[in-house]
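Colleague: The structure under discussion is supplied below as C-alpha cells; questions concerning it will follow.
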Amino acid sequence: MSRVAAASIAWSQCGGADCVRLSGLAAGLGGLAAGPSDLAARPGVEVRPELGVVAGGFPAMAGRLVRDGDDVCFVPRFPFVDGTRYTIAVGGATAAVLTRPRPQPPATTEVLAIYPTAAKVPRNLLRFYIWFSAPMSEGYAAGHVRLVDAASNEPLTGAVLPGGSELWSADRRRLTILLDPARIKRGLTAQRQAGYPLRRGAPFRVVVDDGFRDALGRALRGAAERGYAVGADERRRVDPGAWTVLAPSGGTREPLEVEFGRPLDQGLLARCLHVTGPDGQPVAGGAEPGPGERSWRLTPGQPWAPGGHRLVVDPVLEDLAGNSVSRVFDRDLARPEDRPGPDQPVTVAFRPR
Amino acid sequence: MSEYGLRPGSADVQSAGPITFGPAGILFLADNGSATVFAVDVADPGRAAGPEPFDLADVDARIGSYLGCESGDVDIRDMAVHPVSHAVYLSVQRGRGDAGQAVLVRIGVPDGTVTDVPLDQVPVAQTAIGDAPAADDQRQDVTLPTGDQGEEITYGGRTIRILRRPIRTSTVTDMAYVDGDPGALLVAGLSNEEFSSRLRRIPFPFGDDVTGNSLEIFHVSHGKWETAAPIRTFVPYDHGASILASYTCTPVVHFPLAGLAPGSKVVGRTVAELGSMNQPLDMVSFADEGEEYLLVANSSHGLIKIACRDIDGQAALTTPQEPVGVPRETKDLEGITRLANLNGGYVLALQVDGDGRRHLRSLKSASL
C-alpha cells in the first residue's frame, strides 16, 4: 500500500467516543465509506500500544475506522489507557506516536481501620481486615501491605499468604489479608522449615503504604499502620457457654453486653450473633463489637420485653486464630478437647433483669 | 444449546476468574466480582485440530497489543483449550480499578491469531455460587450508584437510590467439569471471612438449588492433625471418581468423589507436600501409553509429575519428612503458572520467563 499522508493526527472524540483523528485522510484512503468500517478490511490505519518487547507481527489494536467528513477516526474496541503511548501507522509506516494524558487528581482515599484492634494477638493469628474509605484497585495488596518487625523495622518475609486471588468485599472497600496458613498449621513441612510467621514476644506492625491505588488509580492520602504484641497460641474452640452475658434491665433500652474472654474475628462477629425475644423473633437494634473485639453489645430498638431471650451464635464464628465454635483450626487427633463442636447454631439463654 | 438450559443473553463478567470447558463446547466462566458462574456457548469457529504442538511467544504482549494496553495491564487469570479446535481461551483482566475490564481472549491454533470472544447476545446460563449472604446476614455495604442500579428508598420525604452489596464474598479459585448424568461443575473457593474448605458440586444444566450440594473436605497431616482449608487448585481424574486437590497450606490431598452424598464431610488423604514458601498454581491430568498422570504447577519448584496409580497405592503420610509422599518427578520446567490439555500428545503450559514475559509452550506428554 502506498503511503498516505495525514495533515494531523491527534486525540479526539467521534460520536461521543474517544478516538484518534486523522485529519484530511478520508480522501487519501479513497473509497472509505462514511460510517463504521471493519478495520480488518481496511488495513491502512493501525494503532498499537508501545510495548516493552519488539512487536514483530503483533496484532493491531481492535477497533474500527469511521469516516467523519474529510477525517478518518480510529475508535478502539477497548478504551485507551491513561499514560500509555500509542503508535499510529498509516500504510505500514509510523505516522505518529501519541501518549494518553494521565490526570493526577488529588489523593482523597485513606485507610479507615485495620482489624483486629486488640493490642495483643496470638502467635497463630490468621487474618487481618483493612477497610478503605473508597473502592480500591486489585493487584496492589502484595506490594503495598506488609508486616514489619517492630524492633528491626525489617519486613517479615513470607508472613502473608502469597500470590493468587486478593480477597475483597463486593465493593472493594474491605481487603482480607491471610497469614500463610502453611506456616501456622502444625506438622506441615512449611511450618517446620520456616516456622510461624509471628514470634511470641516480638512486636510487629501491619503497614499499608500510600502506593496502594484506589479504583480511580489515585494513591492513598498517606500510609497507615497498626502495631501488635504477640502472645501465646490460641488453640481452643470458641465456646459460647463460657461467655459472660450481662443481662440488661427489663423495660429499658440498656444494651446487652456479652464478654468473650478473648478477641474474636471482627468480620464474622458482625454477622454471627443475633438475639431472639420471648416470641422467638429477632430483636432489632444496633449491634457493635467492643474494644479489641473482646465483647459485643446490642442496643435494642424497643425496650426489652419481659421473659426469656436467646443469644444465637452461628457456629462458623472464629477467633483471631481461625478456631470456630464448631472446630479448632488444626485438630490434634490425640486431644479429646479438640473434637468437633456443634455445627448448628448455639444458643445462650438470658433474661432481662 | 437449549438442552443445557442456555438462552440468549449476556455474561456480564466484572472480574475475570477461572474458566473451564464443559460439554458441547460450553465454557464456564467464574465472575469473582459478582460470585456468579456463567455457562456460555462460545461458538468456536475453528475446525477440528490435529495432534501438533502449539507455541506462542510473548502471549501477554500480543494480547496487550490487541487490547490496546501494556503487558502489565494484561492479567491472565486462567487458561482453557477448546476440545475440538484446540483454540486457547484465556480469562483476562484488562487494566485495574474502575477502568478494569474482564475479557475472554481466544488464540487461534495453529495460526496464533488473537481475538476477543463476545459475551453479549450469546447463549448463556448462570448460577450464583452460594456465598450469597445467609438470610440472617443483614450486613451490606451501601453506596450511591451512578446509574439506575440498586433500589429506591424514601426517608424524610426524600427518595434516593442506593446499592446494597454484600461484604461477605467468595472467590472462585478453580473449577472443573466432570461428565455424568447429569454432569457436574466442581467449584473451589476462598471466602473473605471464614476459613472453610467447601467444594461445591453444581449439577449441569444448572438447577435452582446449589447450596445443599457441597462437600466439606478435611485432610490429615502426618496422622496427627486434621484440618479444613480452602482448596487452591484441583483436578479430577479416573473419569471423575477421584480428585487430587492442593491447598493454600500446600499439602496435596486425594479424596474420592464418586458416591458422595451432598453435605458429606470427607476426610482426604495427604499424599504429598509442596514444601515451604511454595504455592500450588494449577494441575492437569494426561494419559501416556494407557497410564494416567497428573502435573502440578507450583510457585517455587519445577513442574511435578505424579502417576495416578502411585496415588492409589500410597499410604497416608504419617511422618513429616522431606521428600515425602508419592513417587514424583520434578521437571526442569519452572515459571509455569497454568496448564491445560492441548491434545492427546501435548500439554499446554503458560510459562513466565526470567524477564516476566509470558509464553505458551507445548510439553510433549511422552517426554514428560
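Residue numbers (my numbering), protein chains in the order written: chain A, 1 to 353; chain B, 1 to 368. Just so you know, even glycine gets a beta-carbon here, dropped at the ideal spot from N, CA and C.
Can you tell me the Cα-Cα spacing of R100 of chain A and I202 of chain B, whole angstroms?
Modeller: Mapped onto the first sequence, residue 100 of chain A falls at position 100. Mapped onto the second sequence, residue 202 of chain B falls at position 202. For R100 of chain A and I202 of chain B, the distance between alpha carbons rounds to 45 Å.
Colleague: Flag E427 of chain A as yes if its beta-carbon sits less than 8 Å from any beta-carbon of chain B, otherwise no.
Modeller: The structure shown does not extend to residue 427 of chain A, since chain A spans only 1 to 353, so no value can be given for it.
Colleague: Under 8 Å by Cβ, that's how I've got L333 of chain B and F54 of chain B pegged, so tell me the actual separation to the nearest angstrom.
Modeller: In the second sequence, counting from the first residue as 1, residue 333 of chain B sits at position 333. In the second sequence, counting from the first residue as 1, residue 54 of chain B sits at position 54. Incorrect: roughly 17 Å between the Cβ atoms, too far for contact.
Colleague: Any C-beta of chain A sitting closer than 8 Å to the C-beta of Y4 of chain B?
Modeller: Residue 4 of chain B sits at position 4 when you count from the first residue of the second sequence. It does not: the Cβ of Y4 of chain B has no partner Cβ on chain A nearer than 8 Å.
Colleague: Residue ranges of each alpha helix (DSSP H) run of no fewer than 4 residues wholly in the region 179-213 of chain A, ordered along the chain?
Modeller: You should have 189-194.
Colleague: Whose CA, out of B:V40, B:G17, B:G100, B:G72, lies closest to the CA of I26 of chain B?
Modeller: For this step, residue 26 of chain B is matched to residue 26 along the second sequence. Residue B:V40 is the option with its Cα nearest to I26 of chain B.
Colleague: Is T146 of chain B close to chain A? Criterion is C-beta to C-beta, closer than 8 Å.
Modeller: Position 146 of the second sequence, counted from the start, is the residue given in the question as residue 146 of chain B. Model confidence at T146 of chain B stands at a pLDDT of 47, short of 50, so the residue's coordinates are unreliable; what they give is reported in the following sentence. No, its Cβ sits nowhere closer than 8 Å to a Cβ of chain A.
Colleague: Using 8 Å as the limit for Cβ to Cβ distance, is V114 of chain B near chain A?
Modeller: In the second sequence, counting from the first residue as 1, residue 114 of chain B sits at position 114. It does: the Cβ of V114 of chain B has a partner Cβ on chain A nearer than 8 Å.
Colleague: At least one CB of chain A closer than 8 Å to the CB of L67 of chain B: is that the case?
Modeller: In the second sequence, the residue the question calls residue 67 of chain B occupies position 67. Chain A, which has a Cβ nearer than 8 Å to the Cβ of L67 of chain B, makes this yes.
Colleague: Quick check on this structure: which residue in A:A232, A:V283, A:T117, A:S12 has the alpha carbon closest to the alpha carbon of Q266 of chain A?
Modeller: Indexing the first sequence from 1 puts residue 266 of chain A at position 266. Checking every option, the nearest Cα to that of Q266 of chain A belongs to A:T117.
Colleague: Can you tell me whether DSSP reads I26 of chain B as helix, strand or coil?
Modeller: As a position in the second sequence, residue 26 of chain B is number 26, starting the count at 1. I26 of chain B: strand per DSSP, three-state reduction.
Colleague: Enumerate in chain order the residues of its own chain whose CB-to-CB distance from V245 of chain A is below 7 Å, with the five nearest sequence positions on each side excluded.
Modeller: Numbered from its first residue, the first sequence carries residue 245 of chain A at position 245. Answer for V245 of chain A: V258, L311, V348, F350, listed in chain order.
Colleague: Could you tell me the distance, in whole angstroms, from the CA atom of W296 of chain A to the CA atom of N124 of chain A?
Modeller: Stepping through the first sequence from its first residue, residue 296 of chain A is reached at position 296. Stepping through the first sequence from its first residue, residue 124 of chain A is reached at position 124. Spanning the two alpha carbons is a distance of roughly 23 Å.
Colleague: When burial is assigned at 16 or more other CB atoms within 10 Å of the CB, is V54 of chain A buried or exposed?
Modeller: Position 54 of the first sequence holds residue 54 of chain A. Label assigned to V54 of chain A: exposed.
Colleague: By the criterion of Cβ-Cβ separation under 9 Å, what are the contact partners of T117 of chain A in chain B?
Modeller: Looking up residue 117 of chain A in the first sequence gives position 117. The contacting residues do not exist; T117 of chain A stays about 17 Å from chain B at best.
Colleague: With burial defined as no fewer than 16 other Cβ atoms inside 10 Å of the residue's Cβ, what is the status of G100 of chain B: buried or exposed?
Modeller: Stepping through the second sequence from its first residue, residue 100 of chain B is reached at position 100. Burial call: buried.
Colleague: Let's see if you can read the secondary structure: which residues bound the beta strand (DSSP E) around L256 of chain A?
Modeller: Within the first sequence, residue 256 of chain A is the residue found at index 256, counting from 1. It spans 256-259 - the beta strand (DSSP E) in which L256 of chain A sits, taken as one unbroken run.
Colleague: Can you give the Cα-Cα distance for D70 of chain A and Y86 of chain A, rounded to whole angstroms?
Modeller: Walking along the first sequence from the start, residue 70 of chain A turns up at place 70. Walking along the first sequence from the start, residue 86 of chain A turns up at place 86. Approximately 23 Å, taken between the alpha carbons.
Colleague: Using C-beta distances below 7 Å, list every residue in its chain close to P135 of chain A, excluding the 5 sequence neighbours before and after it, in chain order.
Modeller: One-based indexing of the first sequence puts residue 135 of chain A at position 135. Only D171, R172, R173, D214, A215 meet the Cβ criterion.
Colleague: Considering only the alpha carbon of each residue, which of A:E138, A:F74, A:E50, A:E154 lies closest to G15 of chain A?
Modeller: Locating residue 15 of chain A in the first sequence gives position 15, where the first residue counts as 1. It is A:F74.
Colleague: Would you say L39 of chain A reaches chain B, if we count a Cβ-Cβ gap shorter than 8 Å as a contact?
Modeller: Working through the first sequence from its first residue, we reach residue 39 of chain A at position 39. In this prediction, L39 of chain A has a pLDDT of 46, which is less than 50 and means its spatial position is unreliable; nothing more can be read from the coordinates.
Colleague: Taking the alpha-carbon positions, what's the G17 of chain B to H144 of chain A distance?
Modeller: Looking up residue 17 of chain B in the second sequence gives position 17. Looking up residue 144 of chain A in the first sequence gives position 144. Approximately 23 Å, taken between the alpha carbons.
Colleague: Measuring CA to CA, which of A:A95, A:I88, A:P345 is closest to R271 of chain A?
Modeller: Reading the first sequence from its first residue, position 271 is the one you call residue 271 of chain A. Closest option to R271 of chain A, Cα to Cα, is A:P345.
Colleague: My assumption, with CB atoms under 8 Å, is that T173 of chain B sits in contact with R232 of chain B. Please give the rounded CB distance.
Modeller: Taking the first residue of the second sequence as 1, we reach residue 173 of chain B at position 173. Taking the first residue of the second sequence as 1, we reach residue 232 of chain B at position 232. Correct: roughly 5 Å between the Cβ atoms.
Colleague: When the Cα atoms are used, what is the spatial distance from S197 of chain B to I217 of chain B?
Modeller: In the second sequence, residue 197 of chain B corresponds to position 197, counting from 1. In the second sequence, residue 217 of chain B corresponds to position 217, counting from 1. Roughly 6 Å between the two C-alpha positions.
Colleague: Under 8 Å, with one C-beta from each stretch per pair, do the region 278-297 of chain B and the region 228-246 of chain B reach the 3-pair mark?
Modeller: Yes, the region 278-297 of chain B touches the region 228-246 of chain B.
Colleague: Figure out for me which residue from B:A125, B:L6, B:D78 has the closest Cα to the Cα of L90 of chain B.
Modeller: Here residue 90 of chain B is taken as the residue at index 90 of the second sequence, counted from 1. Selected option, being the one with the closest Cα: B:D78.
Colleague: So L179 of chain A packs on P197 of chain A, CB below 8 Å; how close in whole Å?
Modeller: The residue you call residue 179 of chain A lines up with position 179 of the first sequence. The residue you call residue 197 of chain A lines up with position 197 of the first sequence. That pair is a contact at about 5 Å.
Colleague: Taking buried to mean at least 16 other C-beta atoms within 10 Å of its own C-beta, is H239 of chain B buried or exposed?
Modeller: Stepping through the second sequence from its first residue, residue 239 of chain B is reached at position 239. Looking at its Cβ environment, which holds fewer than 16 other Cβ atoms inside 10 Å, H239 of chain B is exposed.
Colleague: Could you tell me the distance, in whole angstroms, from the CA atom of W168 of chain A to the CA atom of A113 of chain A?
Modeller: Walking along the first sequence from the start, residue 168 of chain A turns up at place 168. Walking along the first sequence from the start, residue 113 of chain A turns up at place 113. If I take the Cα positions, the gap works out to 15 Å.
Colleague: What residues match up with A102 of chain B in a beta bridge as DSSP calls it?
Modeller: Taking the second sequence and counting its residues from 1, the one referred to as residue 102 of chain B is at position 102. DSSP output for A102 of chain B lists B:Q93 as bridge partner(s).
Colleague: In angstroms, rounded to a whole number, what distance separates the CA positions of I184 of chain A and Q191 of chain A?
Modeller: Taking the first residue of the first sequence as 1, we reach residue 184 of chain A at position 184. Taking the first residue of the first sequence as 1, we reach residue 191 of chain A at position 191. Rounded to whole angstroms, I184 of chain A to Q191 of chain A spans 6 Å at the Cα level.
Colleague: Going straight from the alpha carbon of E46 of chain A to that of L67 of chain B, what length do you get?
Modeller: Start at 1 with the first residue of the first sequence, and residue 46 of chain A comes out as number 46. Start at 1 with the first residue of the second sequence, and residue 67 of chain B comes out as number 67. Their backbone Cα atoms lie some 13 Å apart in a straight line.
Colleague: Got a sec? Which residues, its chain only, sit under 6 Å from E193 of chain B by beta carbon, not counting five neighbours each side?
Modeller: As a first step, residue 193 of chain B is located in the second sequence; it is residue number 193 there, counting from the start. Excluding residues within five positions, the ones whose Cβ falls inside 6 Å are R168.
Colleague: Taking the CB atoms as reference points, tell me whether L226 of chain B and L333 of chain A lie closer together than 8 Å.
Modeller: In the second sequence, counting from the first residue as 1, residue 226 of chain B sits at position 226. In the first sequence, counting from the first residue as 1, residue 333 of chain A sits at position 333. It is Glu, not Leu, that sits at residue 226 of chain B in the sequence shown. In this structure, L333 of chain A lies closer than 8 Å to E226 of chain B by Cβ.
Colleague: I need the DSSP call for H144 of chain A, collapsed to helix, strand or coil.
Modeller: To locate residue 144 of chain A, count along the first sequence from 1; it is residue 144. Three-state DSSP puts H144 of chain A in a helix.
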